[in-house]
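Each residue of the sequence shown is one higher than the one before, counting from 97 in the numbering used here. Data first, discussion second: the structure below is written as structure tokens.
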Amino acid sequence: MSRSAGVLALVFILCFGFPVLSSDGKTLKVVVLTDAAGLGDRGFNDVCWQGVQKAKEELGLQAQFLQSREQADYLSNLTLAAQRADVIVTLGYLFVDAVREAAPRFPKTFFVHIEGEVPGENVACFDFRSEEGGFLAGFVAGLFTRAKMVGMVTGMDIPPVEAYVSGFRAGVETAANREHKRIEAIVVSAGSFNDPVKGKSLAQALMAKGVDVIFRAAGNTGVGVFEAVKNTEGVYLIAEDLDQDAEMPGKILTSTLKRMDVAVYDALKDIAQGKFQAGHRWLGADVGAVGITRMKYSGHLFSREDLESIYNASELLLKSGVIVPRRLGELDGFKPPEIR
């Protein structure tokens with residue numbers, strides 16, 4: 097994307113109410129940089145934007161977002177944004193290198209980064225234990241499947257996605273152990289977070305193999321998965337990062353929750369109050385940052401015993417009673433917990 101195109105991509109959202117002022121007495125300006133999927137991905141970017149919106153409404157910030165069309169544009173767009181903002185919020189592991197290069201060049205600008213670690217006195221980073229959400233998704237899928245075959249569609253093969261996949265496989269294995277049956281888990285990658293057509297095609301291919309539950313962890317690519325499941329009888333979806341259960345009541349078994357909105361809001365609030373904390377933080381189920389929905393629309397599809405098991409699995413993670421493997425190479429050493 098050219099510099100001029102980057103300017104055109106900026107979307108200004110003015111806020112009303114009592115403004116938060118920067119050190120020079122001006123209203124605090126925040127720019128959020130998303131990947132190519134942008135807003136409307138029904139997942140990662142939308143969750144983070146909710147946190148920005150809350151900060152805008154409650155703290156009186158000026159909020160803008162800049163969508164990068166390609167990874168090659170990240171650094172130039174980040175540089176452009178830093179020249180006009182007090183706070184930069186970057187969303188996604190693929191921004192790590194760009195933030196690492198840009199942050200030292202703008203020492204008076206605060207950087208809030210989601211997923212990945214970047215050192216710096218003006219950088220606050222937040223990582224989430226996606227493997228725990230993946231574990232619960234896999235456990236739910238494994239308990240529900242009638243075909244004894246579940247699937248997962250991912251975006252790119254990066255560490256946070258690997259964590260989701262590893263957790264999902266561990267959850268399916270735990271459900272299989274509880275049910276005393278073999279359950280096959282098929283994972284396919286689109287190689288992109290912004291290819292809904294590919295996502296739909298991959299989901300259809302999984303369904304053709306007999307898969308009856310699909311977990312999507314693919315950003316905007318997952319919108320295609322959503323459409324494929326929506327139009328197919330007897331196949332169910334598990335959504336990612338954001339509560340989407342009401343979008344397809346009864347067809348979405350549950351949604352994983354990753355409270356990136358809370359992390360972003362809290363970081364912006366700290367900055368507004370002059371309490372910025374640099375560093376890298378891990379957030380998981382033990383602090384309520386990762387989990388699944390209450391399955392309001394799908395609970396009737398499960399037996400009472402299965403619902404109790406899902407609750408017990410969530411409680412086990414809450415109390416750090418099980419260490420879910422984050423990397424695929426750790427699965428061989430994983431021993432499924434006994435969940436009743």
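For every residue, glycine included, the Cβ atom is placed at its ideal position computed from N, Cα and C. Predicted model, so just to flag it, every value in this text is computed and none were measured.
Tell me the rounded alpha-carbon separation between residue i and residue j.
i: A178; j: A194; result: 12 angstroms
i: E336; j: V261; result: 12 angstroms
i: K152; j: V208; result: 15 angstroms
i: G238; j: G315; result: 23 angstroms
i: L157; j: T317; result: 31 angstroms
i: G437; j: E411; result: Given a span of 97 to 436 for the chain in the structure shown, any question on residue 437 remains unanswerable.
i: E280; j: P421; result: 18 angstroms
i: R355; j: G306; result: 33 angstroms
i: T328; j: D308; result: 10 angstroms
i: N444; j: A181; result: No answer is possible for residue 444: the residues shown for the chain start at 97 and end at 436.
i: I367; j: A198; result: 19 angstroms
i: G320; j: V246; result: 17 angstroms
i: L162; j: K125; result: 13 angstroms
i: L397; j: R278; result: 21 angstroms
i: K365; j: F222; result: 15 angstroms
i: K326; j: G346; result: 11 angstroms
i: D339; j: R265; result: 22 angstroms
i: A286; j: G375; result: 32 angstroms
i: F191; j: M344; result: 32 angstroms
i: E404; j: W378; result: 28 angstroms
i: D402; j: L129; result: 41 angstroms
i: L176; j: Y361; result: 23 angstroms
i: A359; j: G417; result: 24 angstroms
i: F140; j: L187; result: 8 angstroms
i: S394; j: R400; result: 12 angstroms
i: V143; j: D357; result: 5 angstroms
i: V214; j: R196; result: 6 angstroms
i: I435; j: A409; result: 7 angstroms
i: V268; j: K415; result: 20 angstroms
i: A324; j: F240; result: 19 angstroms
i: G234; j: Q146; result: 26 angstroms
i: F108; j: S164; result: Low per-residue confidence applies at F108: pLDDT is 33, beneath 50, and the placement is therefore not dependable enough to give any value.
i: I310; j: K371; result: 42 angstroms
i: G136; j: G251; result: 16 angstroms
i: I419; j: T352; result: 18 angstroms
i: P200; j: D169; result: 19 angstroms
i: I282; j: Y332; result: 15 angstroms
i: P433; j: K244; result: 20 angstroms
i: F322; j: M248; result: 12 angstroms
i: V183; j: S172; result: 16 angstroms
Could you tell me if residue i is buried or exposed, where buried requires 16 or more neighbouring beta carbons within 10 angstroms of its beta carbon?
i: Y407; result: exposed
i: V383; result: exposed
i: Q160; result: buried
i: D428; result: exposed
i: A342; result: exposed
i: L423; result: Note that residue 423 is Arg in the sequence shown, not Leu. That one is exposed.
i: D253; result: exposed
i: R312; result: buried
i: L117; result: Legend: pLDDT at L117 = 46, less than 50; position of this residue unreliable, value from coordinates given subsequently. Classification of L117: exposed, given that the 10 Å Cβ count is below 16.
i: G387; result: buried
i: A133; result: buried
i: E166; result: exposed
i: K431; result: exposed
i: V293; result: exposed
i: P203; result: exposed
i: A220; result: buried
i: R138; result: buried
i: G425; result: exposed
i: A304; result: exposed
i: G212; result: buried
What are the boundary residues of the beta strand (DSSP E) that includes residue i?
i: A281; result: E280 to S285
i: D223; result: V219 to F224
i: S351; result: I348 to K354
i: R377; result: G375 to L379
i: F161; result: Q158 to Q163
i: L187; result: V183 to L187
i: V208; result: F206 to I210
i: A335; result: Y332 to A335
Starting from residue i, trace the alpha helix (DSSP H) both ways and give me its first and last residue.
i: I390; result: First, the residue type needs correcting, since residue 390 is Arg and not Ile in the sequence shown. Per DSSP, R390 belongs to no alpha helix (DSSP H) and is neither H nor E.
i: A151; result: F140 to L155
i: V325; result: G318 to K326
i: A133; result: Segment: none, A133 is in no alpha helix (DSSP H) and carries neither H nor E.
i: L412; result: R400 to L414
i: V195; result: V192 to A198
i: G176; result: Residue 176 is actually Leu in this sequence, not Gly. Start and end: Y170 to A178.
Using a Cβ-Cβ distance cut-off of 7 angstroms, determine whether residue i contacts chain D.
i: A299; result: Of the protein chains in the structure, only one exists, and it is not chain D.
Please specify which runs of the beta strand (DSSP E), each continuous and at least 3 residues long, are wholly inside the stretch 238-311, giving them in chain order. Counting only runs of 3+ residues, the beta strand (DSSP E) found wholly inside the stretch 238-311 occupies 245-250 and 280-285, in chain order.
Tell me, please, whether the stretch 292-308 touches the stretch 263-276 by the rule of three or more beta-carbon pairs shorter than 8 angstroms. Using a C-beta cut-off of 8 angstroms, the stretch 292-308 makes no contact with the stretch 263-276, since fewer than three inter-stretch Cβ pairs fall below that distance.
Would you be able to state if there are at least three C-beta pairs under 8 angstroms between the stretch 213-231 and the stretch 249-269? Proximity of the stretch 249-269 to the stretch 213-231 meets the contact definition, three or more beta-carbon pairs being nearer than 8 angstroms.
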